[in-house]
Amino acid sequence: MIHPLLAALFLVVALLVSLRVEAASYPYQSCFEIASSLHDVPLDVLLAVAATESAWNADARSAANAHGIMQIQWPGTARHLGVSRVSELYNPCLNIELGARYLRELLDRNGGDLDRALAAYNYGPGRVEGVAELPAGATRYVDAVSGHRARIRKAASGTLSRAADAERNHVRFDHRARARAYAATLNARVRSAEFASRPTEDGYVVTMRIGPEGLSLHDAGLLQALGWPGLGAPP
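0 is the number of the first residue of the sequence shown in numbering that gives the first Met the number 0; add one for each residue after it.
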């Protein structure tokens with residue numbers, strides 16, 4: 000089980016970060032920001048790894064027994080990181096923190112070489128460390144993360160340039176099915192707002208429309224815990 004003090008610290012920081020009003024545009028954005036800050040891993044790298052591993056699907060499970068948004072392998076990597084129950088890997092913010100912590104460890108083991116750290120994240124440290132040339136599969140993974148990272152950076156600069164006429168409160172996805180599933184999940188859990196997915200020029204977004212009575216404290220807390228951006232005003 001994750002140490003209670005770490006869990007408490009992560010929750011406190013999550014609440015503080017989630018109170019900021021920002022034009023964030025990815026699922027669990029504040030959780031990624033917290034993990035990036037805690038472990039000194041670039042935010043766009045974490046987002047790109049999540050995009051590659053699970054398309055930001057917090058319920059993902061692979062044939063290799065990897066779980067959650069950052070695809071933490073069970074039981075080996077999970078137990079190495081202090082997780083004793085596989086169910087903990089389906090807490091998205093905790094899963095993101097674990098992935099960032101593991102990437103920080105791999106970066107340190109590989110002298111800060113991001114490509115080798117990413118290869119080790121995907122293939123396992125024992126299969127890539129000390130080899131002169133990365134396996135072809137590991138190289139494809141590194142290239143996939145790099146491609147997502149480039150798109151994330153481009154989208155970030157585009158968000159700034161379109162801020163005046165863009166809806167601020169939204170979460171971005173690359174795939175329509177994932178956007179629809181995320182909207183459906185939120186609609187099932189949040190009563191004082193409605194969520195809908197729509198296409199954009201560079202993907203799909205899920206937007207929030209707050210009901211006439213405003214966002215309830217319960218729903219606001221839930222959305223903050225899930226990393227929903229910009230709760231200062233309805234879209």
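Just so you know, even glycine gets a beta-carbon here, dropped at the ideal spot from N, CA and C.
These figures come from a predicted structure and were not determined experimentally.
The three-state secondary structure of serine 86, taken from DSSP, is helix. For alanine 49 against isoleucine 68, the beta-carbon gap comes to about 5 Å, under 8 Å, which counts as contact.
Glutamine 223 and serine 29 have their C-alpha atoms roughly 8 Å apart. Counted as a single uninterrupted DSSP element, the beta strand (DSSP E) harbouring tyrosine 203 occupies residues 202-209.
When only Cα atoms are considered, proline 228 and glutamate 32 end up about 12 Å apart. Under DSSP, serine 196 takes part in a beta bridge, and its partners are Val205. Burial is judged here by how many other beta carbons sit within 10 angstroms of a residue's own beta carbon; alanine 47 has at least 16 and is buried.
DSSP places arginine 175 inside the alpha helix (DSSP H), whose first and last residues are 175-188. Annotation for valine 48: no beta strand (DSSP E) segment contains it, though the alpha helix (DSSP H) segment containing it runs 42-53.
Valine 127: member of the alpha helix (DSSP H) spanning 124-127, first to last residue.
Contact between the stretch 133-153 and the stretch 112-123 is present: three or more C-beta pairs spanning the two stretches fall below 8 Å.
Glutamine 72 sits in a strand when the DSSP states are folded into three classes. Taking each of Ile95, Tyr140, Ala77 in turn and checking the Cα distance to tyrosine 27, the smallest one comes out for Ile95.
In the DSSP assignment, valine 130 forms no beta bridge with any residue. By the Cβ neighbour-count rule, glutamate 132 is exposed, with fewer than 16 other Cβ atoms within 10 Å of its own. Residue state for alanine 119 is assigned as helix, using DSSP reduced to three classes.
Your pair arginine 177 and leucine 221 does not check out as a contact, with CB atoms roughly 20 Å apart and the cut at 8 Å. Here the alpha carbon of aspartate 218 sits roughly 18 Å from the alpha carbon of asparagine 90.
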